[in-house]
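J.: For the record, in the sequence shown the residue sitting at position 137 is 269 according to the numbering used here, with numbers rising by one throughout. Each residue gets a CB set at the ideal place from its N, CA and C atoms; glycine is no exception. Computed from a prediction, not measured in an experiment: that's the story for all the values here.
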Amino acid sequence: MTTDEELSKLEDGIRRLKIEYDIFFNGGSKKPPTDSQWRVETLVKKLQDSSNMNFGQRFRYTALAQRYALFSELWRQRLKTREEGPRRTAAEVRAERKKPDSFRVDWRDPGQEPEKVDRLFAAFVEAKRKCGENTESLGPEAFKRFVQQKTDQLKREFKCEQVEYVVEVEQGQVKLKAKGL
Numbered sequence: 133m134t135t136d137e138e139l140s141k142l143e144d145g146i147r148r149l150k151i152e153y154d155i156f157f158n159g160g161s162k163k164p165p166t167d168s169q170w171r172v173e174t175l176v177k178k179l180q181d182s183s184n185m186n187f188g189q190r191f192r193y194t195a196l197a198q199r200y201a202l203f204s205e206l207w208r209q210r211l212k213t214r215e216e217g218p219r220r221t222a223a224e225v226r227a228e229r230k231k232p233d234s235f236r237v238d239w240r241d242p243g244q245e246p247e248k249v250d251r252l253f254a255a256f257v258e259a260k261r262k263c264g265e266n267t268e269s270l271g272p273e274a275f276k277r278f279v280q281q282k283t284d285q286l287k288r289e290f291k292c293e294q295v296e297y298v299v300e301v302e303q304g305q306v307k308l309k310a311k312g313l
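1. Beta-carbon separation of E94 and K307 under 7 Å?
2. What residue from D167, N186 and L142 has the CA that sits closest to R199's CA?
3. Would you mind stating whether V172 and L149 have Cβ atoms separated by less than 7 Å?
4. Between A255 and the rest of its own chain, which residues show a CB-CB distance below 7 Å, the 5 nearest in sequence each way excluded?
5. Give a yes or no on contact between the segment 236-249 and the segment 265-285, applying the rule of three or more CB pairs nearer than 8 Å.
6. Cutting at 7 Å between CB atoms, please list the residues of its own chain near F275, excluding the five before and the five after it.
7. Quick one: what does DSSP say E268 is sitting in, helix, strand or coil?
8. Alpha helix (DSSP H) containing R147: first to last residue?
9. D167 lies in the alpha helix (DSSP H); which residues open and close that run?
10. I need the straight-line Cα distance from E310 to W170, nearest angstrom please.
11. Note down, in chain order, each residue of its chain lying with its Cβ closer than 7 Å to the Cβ of R261, except the 5 sequence neighbours on either side.
12. Could you tell me which residues DSSP pairs with D238 in its beta bridges?
13. Report all residues from its chain with a CB closer than 8 Å to the CB of E293; omit the five preceding and five following residues, and keep chain order.
14. With DSSP as the reference, please indicate the residues paired to G312 in a beta bridge.
15. Nearest to R214 by alpha carbon, out of V176, A201, K177 and K162?
16. What does a CB cutoff of less than 8 Å around G145 pick up in its chain, not counting 5 residues either side in sequence?
17. Using DSSP with H/G/I as helix, E/B as strand and the rest coil, what is Q209?
18. For E245, which of helix, strand or coil comes out of DSSP?
19. Using beta-carbon positions only, say whether Q189 and T135 come within less than 7 Å of one another.
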């Protein structure tokens, strides 16, 4: 095989490898194309040791080798990010630290423990105030009825003895979450 044919084969191999990595990173393939990458690396090393290239061929080889090195580094970084997860910025970390703690309470029967329902209601109203949401339409009696109904429903659905309620703020909105224990 002549040097020009090998350079064309290398160029085609890099193009195919890029396509295979694009398929892999977009979820079309379960594992990275290591066999294709090995073939391209072998050809790059073989051509690197070749001494019978003229200036035009050497220029073409250098351009292809640099292109492959660039893609290879890009793929390595994307694989690392995929394995480790995306990096969080300092602003995201600070925002997470400033995030108010959630309020948690669990019980077997809210009718038997009204002080817990009152604390949950107070935490819910306070969280809504901090987020600037309207709290005038909230009444403690309606909240108690809602909690009692939701607790009974979750106990039936999940066949559990206890239900945990959590008041959280997510993206500037107050959420009341319930789950069976």
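T.: To lay it out plainly:
1. The chain is shown only over 133 to 313; residue 94 falls outside these bounds and no answer can be derived.
2. Comparing Cα-Cα distances from R199 to each of D167, N186 and L142, the minimum goes to L142.
3. The answer is yes: Cβ separation under 7 Å.
4. These residues qualify, in order along the chain: F235 and V299.
5. Touching, yes.
6. Scanning its chain for C-beta atoms nearer than 7 Å, with the 5 sequence neighbours on each side dropped, one finds around F275 the residues F253, in chain order.
7. When DSSP states are grouped into helix, strand and coil, E268 belongs to the coil group.
8. Unbroken alpha helix (DSSP H) run through R147: T135 to F157.
9. Bounds of the alpha helix (DSSP H) holding D167 are T166 to Q180.
10. With the sequence shown as reference, residue 310 is identified as Ala, and Glu is not the correct amino acid for it. Cα-Cα distance, rounded: 52 Å.
11. Within its own chain, the residues whose Cβ lies closer than 7 Å to the Cβ of R261, once the five positions on either side in sequence are excluded, are T267, listed in chain order.
12. In DSSP, D238 forms a bridge with E296.
13. Result list for E293: R240, K287 and L313, in chain order.
14. According to DSSP, which records beta bridges pairwise, G312 is partnered with V295.
15. When each option's Cα is compared against that of R214, the closest is K162.
16. For G145, where only same-chain residues beyond five positions count, the Cβ hits under 8 Å are S168, R171, V172 and L175.
17. In this structure, Q209 counts as helix in the three-state DSSP scheme.
18. The answer is coil: DSSP assigns E245 none of H, G, I, E or B.
19. Remark: C-beta atoms of Q189 and T135 approach each other more closely than 7 Å.
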